[in-house]
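Novice: Just so you know, the sequence shown maps onto residues 48 to 423 in our numbering. Don't be surprised by glycine CBs; every beta carbon is placed ideally from N, CA and C. Attaching a single structure in structure tokens format; questions to follow.
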Amino acid sequence: MKLYGWTLTFVCAVLCSLRVTAESPESPGPYPVGVTTIQMRDESRTDPALNAPRPLLVEVWYPAAESARGGTPAKFTDFFMGGKDLQMNTILTIAFRFNIAEMDKHFKTLAIRDGEIADGKFPLLIFSHGNGGMRSQSTFWCDHMASHGYIVVAPDHTRNACATSFEGKVIPYDKEGRGQAALDRPKDVSFLIDQLGQLNGDAKSRFFGKVDLENIGVAGHSFGGFTAMAAAAQDPRIDAIAPMAGVVPESITASPRPLLLFVATEDDTIGEKGNAGARTYFEATSAPKYLVEFKDGGHYTFSDMDQINPNWGDGAGSGTRITDGQPLEYFSMEKAHTLTNGYSTAFFDKFLKEESAWDDYLNTNQLAQAIVYRKK
């Protein structure tokens with residue numbers, strides 16, 4: 048049978064539609080994943096502790112071309128100067144109680160380092176780590192979102208990361224710098240949006256013409272959740288946010304953007320007061336909003352701590368309930384990651400891609416025995 052151009056286009060569209068609706072937002076998307084490290088410097092801001100233009104070490108996950116499929120995934124030490132810097136190794140060992148030399152043996156990621164980028168133009172997501180965290184702390188999420196057709200940018204927030212390196216120099220965490228970090232972090236997000244805009248227009252960049260700057264989302268964990276909320280209040284280019292176990296900024300009462308809010312009932316870091324603030328923030332938000340609360344989740348449920356130190360507590364392994372003081376085995380981080388990825392994909396696809404394929408997923412409690420779910 049002869050298929051004319053319009054007929055073939057129609058058939059392809061139908062088949063593509065069937066393929067999309069048959070998949071789950073919890074599963075990896077259709078793209079292989081690439082990842083690359085970029086050193087950036089914000090010449091418009093002087094870092095007060097460094098007395099120099101603010102440096103940011105940035106990781107970018109992106110949809111990769113088919114040529115990357117089946118390649119060797121990135122190693123854990125790739126994020127940390129190849130594991131060769133003794134100062135960095137010592138800081139990480141003290142901070143997270145793991146042997147960095149052992150991490151490459153079992154740490155899993157999808158991303159192929161510096162793989163060729165896929166054809167197309169992709170919405171931009173910024174991911175902000177927690178206080179004392181690192182840009183690679185939630186690779187489960189960054190990998191997943193890139194596989195679903197997003198460019199995901201995650202910085203080490205300089206002096207608020209556990210340690211970062213820039214031009215070969217290790218910059219440690221500044222325990223006295225929380226107040227300054229609260230000011231710097233939202234500005235870091237806006238700077239990264241600016242920088243991706245420049246790369247999008249640079250014919251020499253792998254991201255030339257690849258970044259959809261009309262559709263931008265921000266997610267973050269803990270202090271990164273704060274960052275997502277604060278950045279959305281300051282930067283009108285941000286279209287949707289997904290804070291995870293986030294601390295609510297005192298000066299901000301509601302999200303001006305569609306909100307996907309993740310909470311862990313047994314969060315021993317921000318505690319019941321922090322969770323109450325998050326729920327108040329949800330109630331005050333007038334934009335479309337969704338709340339996903341893991342009943343037996345902890346603060347680190349939204350991180351890679353299950354791979355870094357599975358006995359860490361507060362979401363990883365066992366602990367004590369903040370609600371009644373009883374012993375607790377936290378909800379499986381693997382299952383929590385699957386659900387976090389599923390809701391995130393459905394949410395950002397709806398509000399950044401205007402796709403409705405996952406609306407049923409987004410509008411439903413996917414695991415009632417483990418999740419408190421609300422939407423408005």
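#1: Give the single residue among P335, A112, M87, N262 whose Cα lies nearest to the Cα of N410.
#2: Is A301 closer than 8 Å to A331 when the C-beta atoms are compared?
#3: How many Å lie between I355 and F145 at the Cα?
#4: Could I get the ranges of all uninterrupted alpha helix (DSSP H) runs contained in the segment 155-228, with 4 residues as the minimum, in chain order?
#5: Alpha carbon to alpha carbon, how far is Y377 from F123? Give it in angstroms, no decimals.
#6: Looking at the unbroken beta strand (DSSP E) that takes in R421, where does it start and where does it end?
#7: Suppose you measure from the CA of Q245 to the CA of D343; what does that come to, to the nearest Å?
#8: Could you check whether G272 and P290 sit closer than 8 Å to each other, using their CB atoms as the reference points?
#9: Would you call the CB atoms of R265 and I285 closer than 8 Å?
#10: Tell me which same chain residues have a C-beta within less than 6 Å of the C-beta of H191, skipping the five on either side of it?
#11: Short check: CB of F169 to CB of D259, under 8 Å?
#12: Return the first residue and the last residue of the alpha helix (DSSP H) that S391 is part of.
#13: Using 8 Å for Cβ pairs, my map puts M181 next to A148. What's the rounded Cβ distance?
#14: Assign P357 to buried or exposed, taking buried as 16 or more other Cβ atoms, counted over all protein chains shown, within 10 Å of its Cβ.
#15: So what's H153 in DSSP terms, helix, strand or just coil?
#16: What's the C-alpha gap between L139 and E381?
#17: Suppose you measure from the CA of R368 to the CA of F213; what does that come to, to the nearest Å?
#18: Select from R160, S91, C189 the residue whose C-alpha is nearest the C-alpha of P75.
#19: Quick one: what does DSSP say Y347 is sitting in, helix, strand or coil?
#20: Counting Cβ pairs closer than 8 Å, one from the segment 223-232 and one from the segment 308-322, do we hit at least three?
#21: Under a three-way DSSP split, which group does F270 fall into?
#22: Nearest-angstrom Cα distance between F341 and H268?
#23: Return yes when the Cβ of F238 is within less than 8 Å of the Cβ of D89, no when it is not.
#24: Straight-line CA distance for K155 to R116?
#25: Taking the alpha-carbon positions, what's the W359 to M352 distance?
#26: Excluding the 5 residues preceding and the 5 following N412 in the sequence, name in chain order all residues of the same chain whose CB lies nearer than 6 Å to its CB.
#27: By a C-beta neighbour count over all protein chains shown, 10 Å radius and 16 as the cutoff for buried, is C63 buried or exposed?
#28: Drop a sphere of 10 angstroms on the beta-carbon of G323, count the other beta-carbons inside from all chains shown, and report buried for 16 or more, exposed for fewer.
#29: Starting from T93 and walking both ways along the beta strand (DSSP E), at which residues does that stretch end?
#30: Do you know offhand how far G318's Cα is from G345's?
#31: Pull up the distance between the alpha-carbon of D406 and that of D371, whole angstroms please.
#32: Consult DSSP for K251 and reduce its assignment to one of helix, strand or coil.
#33: Under 7 Å from any heavy atom of the ligand MN, does the C-beta of D396 make it?
#34: What span of residues does the alpha helix (DSSP H) with Y377 cover, start to end?
Specialist: On the basis of the supplied data:
#1: Ranking the options by Cα distance to N410, first place goes to P335.
#2: Yes, these two residues count as a Cβ contact at 8 Å.
#3: Going from the Cα of I355 to the Cα of F145 covers about 7 Å.
#4: With a minimum length of 4 residues, the continuous alpha helix (DSSP H) runs that stay inside the segment 155-228 are 186-194.
#5: Cα to Cα, F123 sits roughly 25 Å from Y377.
#6: First-last of the beta strand (DSSP E) with R421: 418-422.
#7: Their backbone Cα atoms lie some 43 Å apart in a straight line.
#8: Taking 8 Å as the Cβ cut-off, P290 and G272 qualify as a contacting pair.
#9: This sequence places Val at residue 265; Arg is not what is there. Yes, they are a contact pair.
#10: N388, listed in sequence order.
#11: Closer than 8 Å, so yes.
#12: Element bounds for S391: 380-399.
#13: Contact check for M181 and A148: beta-carbon distance about 17 Å, past the 8 Å limit, so the pair fails to qualify.
#14: By the beta-carbon neighbour count (other beta carbons within 10 angstroms, threshold 16), P357 is exposed.
#15: If DSSP states are grouped into helix, strand and coil, H153 belongs with coil.
#16: Cα to Cα, the separation comes out at about 23 Å.
#17: C-alpha separation (whole angstroms): 40 Å.
#18: Across the set R160, S91, C189, the C-alpha of C189 shows the shortest separation from the C-alpha of P75.
#19: In this structure, Y347 counts as helix in the three-state DSSP scheme.
#20: At 8 Å Cβ cutoff, the stretches do not touch.
#21: The three-state reading of DSSP puts F270 in helix, counting H, G and I together.
#22: Answer to the nearest angstrom: the Cα atoms are 15 Å apart.
#23: Taking 8 Å as the Cβ cut-off, D89 and F238 qualify as a contacting pair.
#24: Using only the alpha carbons, I get a separation of about 16 Å.
#25: If I take the Cα positions, the gap works out to 7 Å.
#26: Excluding sequence neighbours, N412 sits near I418, Y420.
#27: With a pLDDT of 38 at C63, under the threshold of 50, the modelled position of that residue is not reliable, and the figure given next carries that caveat. Under this definition C63 is an exposed residue.
#28: Note that residue 323 corresponds to Ala in the displayed sequence, not to Gly. Exposed, by the Cβ-count rule.
#29: For T93, the enclosing beta strand (DSSP E) begins and ends at 80-94.
#30: In a straight line, the C-alpha of G318 is about 10 Å away from that of G345.
#31: Distance between the alpha carbons of D406 and D371 is about 36 Å.
#32: Correct three-state label for K251: coil.
#33: No copy of the ligand MN appears in this structure; indeed no ligand is present at all.
#34: Segment: none, Y377 is in no alpha helix (DSSP H) and carries neither H nor E.
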